[in-house]
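Residue numbering for the sequence shown follows the numbering used here, starting at 381 and increasing by one per position. Accompanying notes for the structure given below.
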Amino acid sequence: MGLIKIERLTICIDGHNDFAIWIRAYYQNHIYQQNFSRETSLYGQVDFPRLRRGGLRGQFWSVYVGCPDQPNNYSDEAYFGALRDTLQQIDLMQRVVNAHSDQLVFANSAADVWRVFGESSHISSFLGVEGLHQIANSVSVLRLYHRLGVRYVTLTHDCHNAYADSATPTLPLHNGLSDAGKTIVGEMNRLGMAVDLAHVSHETMRDVLAISTAPVIFSHSSAYALCPHMRNVPDDVLHMLRENRGIIMITFYPEYSRCDDPAAANLSDVADHIQYVGELIGYRYVGLGSDFDGMPAGPQGLEDVSKYPDLIAELLHRGVGIDDLAGVIGGNILRVMEGIERVAAENWDELPLEDNVKPFFGVF
């Protein structure tokens, strides 16, 4: 009875899905062909039949592109390729949503998600940019992404950038946020763009949580206490996240779920992370961020996007309450979005941050 109530009355929202990069890799962004039809079983962990079986009602689609070939080159020119590729991926997902408008619809706010949920069975869609290398050192680009439907930006991916340190390189560059990074966090708060701390170093996490005036998100991370990988979130940061009113959306990625034996990772391991964080800081601050199509294989029992009901059933079996579970699978990220939107509305009269552009007509 509990599972039926959850599926009928609660929105299931996933914080991170890499469908777009798989379309780029395996279909070269060509979606108007027979092998990319709405009823075809696509290569990977995501397609439309499996999305329907999974009961998903909201999705942040990542428009990820990789770090530059020279990861230690932080010049504007080093990022121009990433900027072009990001625009291609945004265009791709806009075309996917338009081509499958009987199942997908773009949303701009938490209120849009609630409205769509009440009116149809469509999947409300947002975009997420996975690393500030994708803005090519330009706050103008950041704002344009927001206009194009991007609602969160991860501060780093697997490389440092001019703004923040990543979790991946061994040696830090800024020891957390740079001064430019602190400034851009403020601009994201003003704009209503969620600050995503997945992929950043632990010091970057702490720096951001110390200054952000809006709730922040971890779009696809897990608990460091259960799996001590640098991509995961330590307990002290989780306590800061609670004070910030943000959310950690637990990833299904095997290497971040079960450090001792990723190949043996399963649905129960993912549930362990959800339960651990929920009991440590409260289920109000937990969500789901699968990383489907961003991992070679999902954990046993969570192989693809059809499997959300099995995770819900496991959490119910463990005694997670209906209200807590309703928050984890969708309500909590909507609360966070509302908080981000509220901060932006309160700061509507602040002037936007401006790029420093080079003069090209000489000195006047």
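From the three backbone atoms N, C-alpha and C, an ideal C-beta is built for every residue, glycine too.
Would you mind sorting residue i into buried or exposed? The rule is 16 or more other CB atoms within 10 Å of its CB.
i: His697; result: exposed
i: Asp482; result: exposed
i: Gly438; result: buried
i: Met381; result: Residue placement at Met381 is poorly supported in this model, since its pLDDT is 38, which falls under 50; the coordinates still yield a value, given next. With fewer than 16 other Cβ atoms within 10 Å, it is exposed.
i: Thr550; result: exposed
i: Phe428; result: buried
i: His498; result: First, the residue type needs correcting, since residue 498 is Gly and not His in the sequence shown. Burial call: exposed.
i: Leu731; result: exposed
i: Lys687; result: buried
i: Tyr406; result: exposed
i: Asn452; result: exposed
i: Glu745; result: Shown here, the chain extends from 381 to 744; a query on residue 745 therefore has no answer.
i: Trp728; result: exposed
i: Val493; result: buried
i: Val737; result: exposed
Looking only at C-alpha atoms, which of the options sits nearest to residue i?
i: Ser417; options: Thr390, His480, Leu431 and Asn736; result: His480
i: Lys562; options: Met620, Gly667, Glu583 and Ala547; result: Glu583
i: Leu705; options: Leu553, Ile515, Ser686 and Gln655; result: Gln655
i: Arg527; options: Asn541, Phe497, Leu571 and Asn555; result: Leu571
i: Ile661; options: Ser648, Pro614 and Leu691; result: Pro614
i: His653; options: Ala605, Thr420 and Glu567; result: Ala605
i: Leu431; options: Ile503, Met675 and His396; result: Ile503
i: Asp538; options: Glu419, Glu683, Gln514 and Ala487; result: Gln514
i: Leu691; options: Gly434, Glu567, Val496 and Met568; result: Gly434
i: Ala578; options: Trp441, Ser599 and Val485; result: Ser599
i: Leu484; options: Phe440, Leu522, Asp465 and Gln469; result: Phe440
i: Glu659; options: Leu618, Glu683 and Thr466; result: Leu618
i: Thr536; options: Ser501, Met585, Ser500 and Tyr525; result: Met585
i: Cys639; options: Asp465, Arg523, Met610 and Met620; result: Met610
Who are the near neighbours of residue i in its chain, counting only those whose CB is closer than 7 Å to its CB and skipping five residues on each side?
i: Gly626; result: Pro595, Val596, Ile597, Tyr665 and Val716
i: Asn624; result: Leu589, Ser592, Pro595 and Val596
i: Asn612; result: Ser601, Ser602, Ala603, Tyr604 and Tyr636
i: Arg495; result: none
i: Asp735; result: Ser518, Val519 and Ser520
In whole angstroms, what separates the C-alpha of residue i from that of residue j?
i: Gln408; j: Ala643; result: 29 Å
i: Ala574; j: Leu668; result: 16 Å
i: Val685; j: Val476; result: 17 Å
i: Asp616; j: His410; result: 45 Å
i: Gly446; j: Phe741; result: 35 Å
i: Tyr532; j: Phe506; result: 9 Å
i: Gln450; j: Gln414; result: 38 Å
i: Asp649; j: Ser601; result: 13 Å
i: Ile702; j: Thr390; result: 10 Å
i: Val700; j: Val657; result: 12 Å
i: Ala645; j: Met629; result: 18 Å
i: Glu419; j: Ile401; result: 20 Å
i: Met675; j: Asn397; result: 10 Å
i: Leu647; j: Phe486; result: 30 Å
Could you tell me whether the Cβ atoms of residue i and residue j are closer together than 8 Å?
i: Ala516; j: Tyr459; result: yes
i: Asp394; j: Leu422; result: no
i: Leu695; j: Ala725; result: no
i: Asn541; j: Tyr454; result: yes
i: Asp761; j: Pro552; result: For the chain, the structure presents residues 381 to 744; residue 761 sits outside this window and is missing.
i: Phe399; j: Val443; result: no
i: Ser670; j: Thr631; result: yes
i: Gly424; j: Asp576; result: no
i: Cys392; j: Gly710; result: yes
i: Pro679; j: Pro608; result: no
i: Leu733; j: Val519; result: yes
i: Val708; j: Tyr663; result: yes
i: Leu472; j: Ile403; result: yes
i: Leu522; j: Glu567; result: yes
Got a sec? Which residues, its chain only, sit under 8 Å from residue i by beta carbon, not counting five neighbours each side?
i: Glu721; result: Ser489, Ala490 and Gly572
i: Tyr343; result: With the chain covering 381 to 744 only, the question about residue 343 has no answer from this structure.
i: Pro448; result: Ala458, Tyr459, Gly461, Ala462, His513 and Cys539
i: Gly719; result: Ala594, Pro595 and Arg625
Can you find the residues in the same chain that come closer than 6 Å, C-beta to C-beta, to residue i, ignoring five residues on each side of it along the sequence?
i: Leu463; result: Ala516
i: Asp587; result: Gly556 and Leu557
Is residue i a contact residue of the ligand MN, with contact defined as CB to any heavy atom under 7 Å?
i: Phe740; result: With respect to the ligand MN, the structure shown offers nothing to examine, as it has no ligands at all.
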